[in-house]
Structure formats: structure tokens, C-alpha cells
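Student:
Numbering (the numbering used here), first residue to last: 583 to 1835.
(1) Grab me the residues of residue 1146's own chain with a C-beta within less than 8 Å of its C-beta, minus the 5 sequence neighbours each way, in chain order.
(2) Among residues of its own chain, excluding the 5 on either side of residue 1497, which ones have a beta-carbon nearer than 6 Å to its beta-carbon?
(3) Identify, in the order they occur along the chain, each residue of the same chain with its Cβ nearer than 6 Å to the Cβ of residue 1009, setting aside the five sequence neighbours on each side.
(4) Taking the alpha-carbon of residue 733 as reference, which of 950, 1135, 679 has the nearest alpha-carbon?
(5) Please report the distance separating the alpha-carbon of residue 1839 from that of residue 1625.
(6) May I ask you to report which of helix, strand or coil DSSP gives residue 1608?
(7) Going by beta carbon distance, what residues of the same chain come within less than 7 Å of residue 1256, once the five residues before and after it are set aside?
(8) Under 8 Å: do the segment 1750-1762 and the segment 1694-1704 share three or more Cβ pairs, one atom per stretch?
(9) Pull up the distance between the alpha-carbon of residue 1832 and that of residue 1462, whole angstroms please.
(10) Sorted by chain position, which residues of the same chain lie with C-beta nearer than 6 Å to residue 1853's C-beta, five sequence neighbours on each side aside?
(11) Within 10 Å of its beta-carbon, does residue 1606 have 16 or more other beta-carbons around it, so buried, or fewer, so exposed?
(12) Given this structure, state the Cα-to-Cα distance separating residue 920 from residue 954, to the nearest angstrom.
(13) Does DSSP put residue 1418 in a helix, a strand or coil?
(14) Considering residue 1528, what are the terminal residues of the beta strand (DSSP E) in which it resides?
(15) For residue 1476, collect the residues of the same chain with a Cβ closer than 8 Å to its Cβ; drop the 5 residues on either side in sequence, then sort them by chain order.
(16) Hey, residue 1305 and residue 1276 are a contact pair by Cβ (cut 8 Å); roughly how many whole angstroms apart?
(17) Pop quiz: residue 961 and residue 905 are said to be a contact at Cβ under 8 Å. What is the actual Cβ separation, rounded to whole angstroms?
(18) Given a threshold of 16 other Cβ atoms within 10 Å of its Cβ, counted over all protein chains shown, does residue 1024 qualify as buried or as exposed?
(19) Return the CA-CA distance between residue 881 and residue 1034, expressed in angstroms with no decimal places.
(20) Starting from residue 1337, trace the beta strand (DSSP E) in both directions and tell me its first and last residue.
(21) Taking contact to mean at least 3 C-beta pairs separated by less than 8 Å, is the segment 1449-1465 in contact with the segment 1358-1370?
(22) What's the call for residue 551, buried or exposed, on a 16-neighbour Cβ count within 10 Å?
(23) Measure how close the beta-carbons of residue 1363 and residue 1430 come, nearest whole angstrom, since I'm counting them as under 8 Å.
(24) In the DSSP output, what is residue 1801 paired with across the bridge?
(25) Taking 8 Å as the cut-off, decide whether the C-beta atoms of residue 1471 and residue 1601 are in contact.
(26) Pick out whichever of 775, 1374, 1393, 1373 has its Cα sitting closest to the Cα of residue 1382.
(27) Restricting to Cα atoms, I'd like to know which of 1266, 1342, 1351, 1340 is closest to residue 1322.
(28) Would you kindly work out how many angstroms separate the C-alpha atoms of residue 1067 and residue 1153, rounded to a whole number?
(29) Tell me whether residue 1835 is buried or exposed, calling it buried when 16 or more other Cβ atoms sit within 10 Å of its Cβ.
(30) Provide the residue(s) that pair with residue 1382 in DSSP beta bridges, ordered along the chain.
(31) Which first and last residues belong to the alpha helix (DSSP H) in which residue 1737 is found?
(32) In chain order, which alpha helix (DSSP H) runs of at least 4 residues are fully inside the segment 1614-1683?
(33) Please work out which residues of its chain come closer than 7 Å, Cβ to Cβ, to residue 865, disregarding the five sequence neighbours upstream and downstream, and give them in chain order.
(34) Strictly by DSSP, which residues pair up with residue 1275?
(35) According to DSSP, which residues form a beta bridge with residue 1104?
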């Protein structure tokens, strides 16, 4: 029979059975007094109430024994330690350490203000500077972990150790976690945020184990101190007959239990906020640890007075067998039938021993009917917790996001993480009011405000709290002086270079509304779930059922991870709004799901106790166990904690005495001394030109390609900033009257990781930023190249002195010399700046894409011994061919005298993608195998396909840019025109244009001059212009190629070709020949002998988007093949055919030891592709660091899908020459050898007599 399905008569019989009721109470040594009651033990009034009395008599609480209050003190100490530390987690993780502060405490000095840009930043305690997303993620993980472990702790207590000993061992684990937490915050550790983050994470794991084991058992230990188990009728002094209900007593116990939780939270939270602010985080973590040490000694002293339940062995397995037995025959292929079977009235009755009789299995020999009823009741209780994660989702906003929100309001000197103490203050004030006024008033009015009703109320009040937070957030965005994307950054630099304070002019105490509403919701929901879990669980499974209840909070934390992307500007309104809706819907669903169960509250409470207690003759924990544990705590108190205290104090003094601050290093005299120690052949450094000053950068901002864009995008959403020394100087080449400007960025000494970083540029510009390496703890540099590159001057603006006169100085500097010289100056300067020993390794890295990729290759080829790791993406090398190739598409259309509508070209591309998508083994909208597409797909099959495009404005693409045919963005050098509506079908001429372009440039003799873009790549250069006058499409010459021809080949200072009159394919080949020969040793950048780089131990990571519409992917393949042919001449391109007879290592493996090349399926130019939602690598720099510094050689390259059906999927890209191939439903493609495919990537340029590498 279901626990709530007994008939009224049966329940009445149970209630009047004196053999149960009187045995339960009279066997105790003392009565259960209530304030104002007349003793009636042994009188008729002591009998259990009838059903009528249960409905009509007022219910009162019994007296709470003093032992229960000692358990609440232990809870106070644990919660003081928990909330005292977690109160400062957000600032510790999210906020950067104030300049000049060794401990993370505030430092509102002028030096800090100058360095960080605002007084607010210096008045905000912080440590790791990981941003709001990281803090939300880690605090959410802490919530999940701390509420997952109660399942384990409850099981261990019920089965092995008992509640008391489990609590003691959990305290031990938590204290160890606390100690590690303190270590993560001492100055010598906090100076390295990455190391501190690792220690902090370890502390969270151990800390959570202790917290979980404690939480699942401390509340049952408390409730077990209440001796009364069943309701009785008593008479008060006033003569009123009332029911002394243990459910009411337990409800009161848990109210005050929760009161102590919040007293601990309040005192710990407020105290530690000021500790972090004035002294530092190490003290904010250490003080709660000292308080927690009181807990085990209170338990030791009071143990002999406690009522302790011994462990009962594994009753869980029997309860699962019972559920399995009850569900036999219930399962059906029809879900409706299955549901009906599980809801049948005799579901539990059918497996009671009295019903089964001799058919009962052997394992039921010691089980009685009452235990079956208790398991049924506990099972229902666990089902009740199903909806609770939706409530905790709202509650958990208080842990991180509301604290972050307070930092965007006017604090007026109030610490931002102090405001959340409004929540425990509300609880401390109102819990006694609810206990002495509201709940007694409801009972006096005969309103039975059951736990399930109170939980429902909690849902709706929590939803109201989130609505108030949502409204407040909207006003913050509306009233802040900063754009929405920057509000949580604290400051924002406007276009005029002014630093704007993003704080909204709203007093922070307006947050009282959401915090107080959450507190009221806790009185309803949180306290009631504790009461419900204890009162409905079988006696020998209370720890486990309590763990299931607490696990609902862990599930909420896991669900909360899905909302982490909303936990940042400008999405926080959505964050609070979504949570409010979820909480409200959860409240409605909760009540309608369990309202029938709520009507049976009394029936469930009155189920008789079972004689079955589990394992027989379980030895109780004796004092020897406790003595050992007590000795451990005494040893910790005497030895470990004093040593930790001395270590922390010593670290503070050591940090203040020995560490050299950045402000001391970042001075002109110090940099001049470092420069004068340098002796670089051919470089005359001008020490008098040196400037030095502390600066702040909110983003690393270097590197090129999508990785750089990701970092720039993320910088606006978090508060992470980088303090660095900004150094500038000039030099001249020995014997020449020139001047080259240099710019260097040196990070704070505590952040420096012995690295030097060089970032690539794009188009015709070198990078003007030196801060790209700051996020990796690297110093960095940039160069003016002698022609004003740092000031924004582009090389193509200075390539000619005038018509016919090449600026060779600028050409060589742009080609490779400027970056190399900046590096050979920057490396020894960095070592001198930080006083690094000669024997200390300074790792040097380069990262760039597009022309930044070509620049990287120039450094490998010309300055290889200077670099440890180079990341080159889609390099625009083979300059003579590459730039003229941008004119090729226009030449095809000009030669055919046919200019297709852009929409027709787009249809050809999209139809190709659709046709070739599945050739790689998976239909995901991506051509991962353009080679198979080239070998198997006939573009002619597209002829006759209809297309339609609305009227729009479009742009031809400038160099280094790529975008969808309908989504182009104008760039420098691009051309923009309006196009009308396009509606037609793909013609044979449209397809012929595409075929000729994909085939690549050949001369009139049919000899190949250059390779082309892969089939399925956008035909960006082929898009004609629309002449609004004639209403026709006309020739459009991309300025990227046109400018190169006019300035670099024809030597005319003109920005583009006027037309292609008289231009043939042979003309294009001639232009390529001129450019290749003229700039062979400057811009061509195709030297294939990389021996110097290899022998110096350098590592090269080369990647290219397979559907790049600007720089053909085959261009990179051809260079890889050239390097292999020159350096490993006896090898072929096949992976299988390259075994070395001497070493057994394949030639490919020998090359892969230092040079790896990856094609990125579907990717465009240095970015993802709007037409193909494929993967893109975002962590290349970390991959390179692991390869160089830790010897972790990659075998495949991680890339993440950022859109489409498989968004978020991480794919491990194949290293060339292997190709990807999906099989069946596999979650990862295989990397296969395919000789025919490799051959389709192989080209010979017979149109030229010189070798083209």
C-alpha cells in the first residue's frame, strides 16, 4: 500500500493503538514537557489524538533539550567557517590584485591609482583577476561539489560510521581544506595567480568533501536529540487541550538550526569581508579555520549526553531490492500503462511481508510491514526533491551574481561583498518572529501550514526576488555612464581617451529587496526541506535521504552552469529574468505535483516505527575512536595552525622586504641601465630616447586571427586587466642616419613567466601593440619599422618614394628585418629588466595570421635561432603570386566578357557545400574533405538551380578579410556598391566562371602558374560591381590585387588598376614573375630550408582554413611540401611510405617533431566561416607553450565548433598529410591516409623557370 493510501479507519486504529503509542513514550526516562502544560504523563490525556482531535485541536511544540542547542553551536562554527571563506570567493577569483598590494587588500594610494586608472579599482580587494565568468563558474562548482558529497556522507554514516563519527571525520577533511585555502592566499603564492588558482581549486575539492559529509549528518544528529516520536494530547495550564506534536517541535528545531546557520554566515561574512579588505585574503581564510576548531571539542565533550544512532549496515541495498520487487510487472511498452501501474493503490502493500507470506524472498526475513511503509514514505520524500533545483537556482544567484551587481552600484565606502549579509540579517531577525508569532498564529487559526505548502511559498517569493534583481539590473544599465558591455569592468575608456567610472548612481542598499525576499523564501523552502527530509526518511536511512535533499542544490549548480554565459554584461537582465520565470514555473509545478501528498502529511508522520534496524549487533563507536580523533585535533591546534600562522606572517614580511615592485623597476634610469648593458651588432640604441611608465591594459590583444578576436571579445565582458611597464625607445642602424621606434611591455614581476611574445599584424601593417603576451605572463614588443608603423602608417603607403622608385629600406623592414631586430633587442632587454641570470631560459614565441602568418614564416626563415615557438596561420607568403592572384577572378570574367550576378555565385558555393558535405562521412554543413569534393563533384550539375537574393549593399574584400557574400564588411581598400534584387537560375556561364577560378591560373600554353581556392570556398574576388546607371553588372577589381600590381609591379603610386584592358592570363603570369623575382629576398617569404630553426629547438605550428577565400589553403600545403622535399629529400608525402631504415622513425614523424601543419575543415580566412559551421582552434598558444616548455608534442589539434548543430563540440584536427573521415555515429573522425586526395593538393608551376616553393 502507498504510504499515503491507508483508509481513514485504518489510520484511526493505528493512532489509538496503545501498545505503540504508550510504549514509545513511557519507555523514555523523562516526559516531553511543553511550556505552560500540566503534567499528564500516565493520564488519559497522554493517549495519541484521534482523527477528530488531529483536525480540531491546536498543535504545540515540545521542549527542545539542551543537547540540541550544542549541535546548533557546532553548525554555527561550521557555517562561520564556510560562509566566512566563501563570502570572499568572488573578489578573490574575479577582481585583480590592487597594484602594490601583496595580499589582495585594498591599496588606495596614488601609485596604485596611477597604475590602475581609478581609485575604485584600488579600493576593491582582489587577487586572481579571472573575471566574472570564472568566478561564477568556480563558485557554482563549489556549490555543486559541496552538495554532491552529502550523498556519500549520508551513505557512509548510515552504513559504516554512524552520524557522530562521520561528522567528526568530515570536520577533519574540511579543516584540511581550510588550511590549503589559506595557503592559496598567502603572498608568496598569490603572487602567481595561476599557481594560486590551482591551490585554490584543490582546496575547494577537499573542502567540499568535508562540507558534504558534515551537512548530510549534522541536521539528523540534531533532530535525533528530540525524544518524542509521536503526537500526544496534553492539557495546558489554561485548561486548553492541545496536541504536543513532534513535527512542530522538529520544525522549531530546524528554525533555530537555520538561525544558527545565518548567525554563522552573518558574523563570518561581515568579519571576513573587512579582513580581506584591510589585511588580505589569507586572514579572511585563516580566522574561520580557527573558529571551526571549536566544533570537534564541543562534540567530544557532549558525546556522552547525545542520543546517537549506530550505523545499520547497508539497508540501501534492501530498500532497492524492495523497490525492484514492487515494480515487477509494472513495466510496459506503453508509458501510460507503466505510469498507471506504478500509481496503483496497492503498489507498496503488495510487497509487505504479511501479504507475501511464504512467497517472501529470504532477504525479507527480518523486515516488517512498518519498514515497507517507511521506505515508501522516504521514496516519496526523495521524489518531492525533484523540483527543488529550480528553487535553488534562484537562491544561488545570491552567491555570485548579486555580489557582482553590488560592485556596480554606489557603495559609499561599503565593501561590495558585505551587502549580501542583508540576507542572514533578515533571517536572524525574522526566524524568531515566525516561530513565536506567525506560525503559532496560523496554528491557532487551525491553518495547517505544512512543509509542502511552505516550500511552495518559497518558490514564489524567490521568483519575486529575481524579478526585483532583474528590474534593478535594467536600471543599472540605463543609468551607468558606460556602454552595457563595460559596466562590470568598473571603468571604460571613451573615444577621447577619458577613463569613465561605470558605477550606476544608485545606492547599493536598494539590493535589500532581493536579499530580503530570498531570506523569506528560505524560511519557507530551505528550512522546510530539512524538516521534510528528516521526518519522512526511514530511521536507518536518514543520512542518505538528507543527502538526496542536499543533492538537489548540486543539481541546481549543474543547471546553473548553463546560465554562466548569461552571467556577464550585457546579458545579466536575461540572467535574472530567466531564473525568475524558472522559479515561478517550478513553484506551480511543485504544488500541482505534490498537493495530493500534502493532504496526507499527518498520515505519513504517524506511520509506526519498524522493528527492523538493519545490521544486527553493530558495535557502537567507543571512546577510543574519539580519543584518537581528539588527539589529532589537539596536534593540529598545537602544531599545524601556529606554523601556518607564522608562515603567513613571514610571507607578508618577505613579500614587503624582498620583492621589487613594478614601480621601482619601471623607471627611465633602470631601463637605461639595462639598455647600456646591451651590445648588439649593427644596432645603436639611443638611451636618451627612453620613456618608461606604468600602464594598464584590459586585454592582451595580440596574435592575430580568431584566437585574438576571441580574447578581444572576452576582454569587454570581464574585469581582468594587466599592469605593465610601458617602455619606448629608438635605435639607428650603424652607419646610417635613420631612426626606428620600439615599444615594449613588461608585466608585473609577480606575473612574469620567463616569456617573450611577438604578435603578427595584418594586411600591410605590422602589429602596433606590445601587450599581446601579457595574458601569458610574457613581455612583448612592437616596432615602428623606420616608417611610422607604430603610428598607424601602412607599408603600402610608403613602398614608393615616387613613381618608379622603391623604398627598399621599408620593404626589407616590413618583409622580415624590423620584427627580427625588435626581437634581438627585446630578449636581452627583458632579461636585464628582470635581472634574469644568463643561465635562465627566456622562452620566445610568435603568433600571427594572414600577413601576420607570413611575418611569422619570415622570422622562422631569417631569424630561426631566436624563437622557441612560432604559430603561423594562413600565411600570405609567395607574395608575388598571392597578390596578383586576387586579380585572377576578375580576369576570368573580363576574358569571358561575362559578369555573373553575385547571388548566382553564392548559390554555386552553397550548392557545392550541400553536395559535398557528406563526402567526409558526416552531414554537418561542413566540407571537411574539399579534396573528395574536387575529385567527385561536377559543378555543372548546379546549372538550372534557382536563386534569389534581396536588394542590398555589398563590399569587395580587402586583403586579410573574409566574409559571407551577403555579410561583407567594408575594410580599408574595399569597394562598396548597392545591388538590386536578384532572381534567376544558375547558368552554364555562371558555372564556367566558377570552374575556371577553381582550376587556377594557367598561361596560354596551358602551363600552371598558380594554385587556387578549394572548391566550396566563397568566390569573394569574383563578385562584380553593379552599375546603377546602366543597370548591369560590371568589372570589379579587388584593390588588394590591383594596388599590388600598380605599386609593386608597375611602380606607379596608384591605389588600384583602372581596368583590365589588354590584360590576358599571360599578363597575370608576367606580373607574378616580376613580383617574385623583384621581391624574392624580401616579401616572397618562401625559403624552404629551416635548418637553423630546427637545430635551435624551435617548434612551428602552421594552420590554414581549408575554405579560405583569400589565401588558398593549397598555398600552405605547397610550402609544407617544399620544406619536406628540401629537408627530407628521400621521403614521399605518404605517411606509410616514409620509414627510415636507420632510426625506424618515419620522415613525417621526424618533421612532425618540430613542424606540424593542420588544415581546418570549413574555416575561412583566419576565422570561422559563416557558410560552414565548422571547428576553429582557440588555444593554439597554450598548445605551443605545452610543446615548448613541457615537451608535450601535439598529435592532433583541438578545435571547437562555435555554431550550428554541433556547437560546442571539440574536434581533434588531423595533422597533414592525414585527412579526416567520419565513420557511422562516431564522436570523432579518423585520420586516414589517402594518396589520391593528397595528389589533388600537389601542384607544379611549369609556367615559371625558377622553382616556386
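Virtual Cβ for every residue (Gly too), placed ideally from N, Cα, C.
Predicted model only: the values in this text are computed from it and were never measured.
Tutor: Walking through what the data contain:
(1) 715, 718, 719, 722
(2) 1519
(3) 844, 1101
(4) 1135
(5) Absent from the structure is residue 1839, since the part of the chain shown begins at 583 and ends at 1835.
(6) strand
(7) 1411, 1414, 1415
(8) no
(9) 13 Å
(10) Residue numbering for the chain in the displayed model covers 583 to 1835; residue 1853 lies beyond these limits and cannot be assessed.
(11) buried
(12) 21 Å
(13) coil
(14) 1528-1531
(15) 1617, 1642, 1645
(16) 7 Å
(17) 7 Å
(18) exposed
(19) 32 Å
(20) 1337-1341
(21) no
(22) Outside the shown range of the chain, which is 583 to 1835, sits residue 551, and nothing can be said about it.
(23) Not a contact, Cβ separation roughly 14 Å.
(24) 1814
(25) yes
(26) 1393
(27) 1266
(28) 9 Å
(29) buried
(30) 1388
(31) Run containing residue 1737: none in the alpha helix (DSSP H); it sits in the beta strand (DSSP E), 1737-1742.
(32) 1621-1625, 1647-1660, 1673-1677
(33) 857
(34) 1308
(35) Paired residue(s): none; residue 1104 is not in a bridge.
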